[in-house]
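Beneath this line is the structure, given in structure tokens, with notes to follow.
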Ligand SMILES: [Zn+2]
């Protein structure tokens, strides 16, 4: 288990560098997580640049209670947005990874849209939908300083929508995408960012 967890954290750190370089994780924004086992997941510690993550910059928390199970270093605290990740893992049993960023394009695209209907261009295939009539709408949640309340709103929505698009938006904040494997979460995140970039540029 230790070896597997170390690998997960290294994989997430590599994604953090990639997203930071793309301008999706300015300052210390954004957070990345992956299931460690059936009852807990690793998530980035708060207050660290996602462009410079190491295995010590993660905290393992309980999936049901959000309690800290393990820290990469003694002062590591989980991201405040752990509540959103927990809501996704509890309602999406097949999800093993969640990625969250703060991009300029996502904020621009969310202005005046609720939900955000994604344009049906080629990239939408990366989300597993095409022109079969499946709605390609990203739900938009109100941003709030009390992140736990956002997590509750996300959990309620996902319980009421059993087969959601694997992504959501918090208004004026950023998107979170998930997937059955880390590679799926990455593909979903990048595809939604691409589609939001189109909307932000007036498509
Ligand atoms: Zn955030």
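Residue numbers (our numbering): 7 to 209. Glycine residues also receive a C-beta, built at the ideal position from the N, C-alpha and C atoms.
Is residue i close to ligand 3? I mean its beta-carbon at under 8 Å from any heavy atom of the ligand.
| i | result |
| --- | --- |
| residue 198 | Ligand 3 is not part of this structure, which contains only ligand 1. |
Considering only heavy atoms of ligand 1, does any lie closer than 8 Å to the CB of residue i?
| i | result |
| --- | --- |
| residue 91 | no |
| residue 194 | no |
| residue 87 | yes |
| residue 176 | yes |
| residue 53 | no |
| residue 150 | no |
| residue 29 | no |
| residue 180 | yes |
| residue 82 | no |
| residue 157 | no |
In three-state DSSP terms, what is residue i?
| i | result |
| --- | --- |
| residue 16 | helix |
| residue 24 | helix |
| residue 39 | strand |
| residue 182 | strand |
| residue 155 | helix |
| residue 193 | helix |
| residue 9 | Confidence in residue 9 is poor, its pLDDT being 42 and thus under 50, which makes the residue's placement too unreliable to answer from. |
| residue 171 | coil |
| residue 177 | coil |
| residue 209 | coil |
| residue 51 | strand |
| residue 165 | helix |
| residue 198 | helix |
When we look at the beta-carbon of residue i and count the other beta-carbons within 10 Å, is it buried (16 or more) or exposed?
| i | result |
| --- | --- |
| residue 190 | buried |
| residue 184 | buried |
| residue 167 | exposed |
| residue 103 | buried |
| residue 84 | buried |
| residue 148 | exposed |
| residue 198 | buried |
| residue 136 | exposed |
| residue 15 | buried |
| residue 20 | exposed |
| residue 160 | buried |
- prompt: In chain order, which beta strand (DSSP E) runs of at least 3 residues are fully inside the stretch 73 to 149?
  reply: 74 to 77, 103 to 106
message: Would you call the stretch 66 to 77 in contact with the stretch 141 to 151, where contact means no fewer than 3 C-beta pairs closer than 8 Å?
response: no
message: Pairs of beta-carbons, one from the stretch 87 to 98 and one from the stretch 107 to 126, closer than 8 Å: are there three or more?
response: no
query: Can you find at least 3 beta carbon pairs, one from the stretch 183 to 197 and one from the stretch 45 to 52, that sit closer than 8 Å?
result: no
query: Using 8 Å as the threshold, is the stretch 95 to 109 in touch with the stretch 57 to 65, meaning 3 or more CB pairs across them?
result: no
- prompt: Taking one C-beta from the stretch 108 to 115 and one from the stretch 170 to 181 each time, how about it: are there three or more such pairs within less than 8 Å?
  reply: yes
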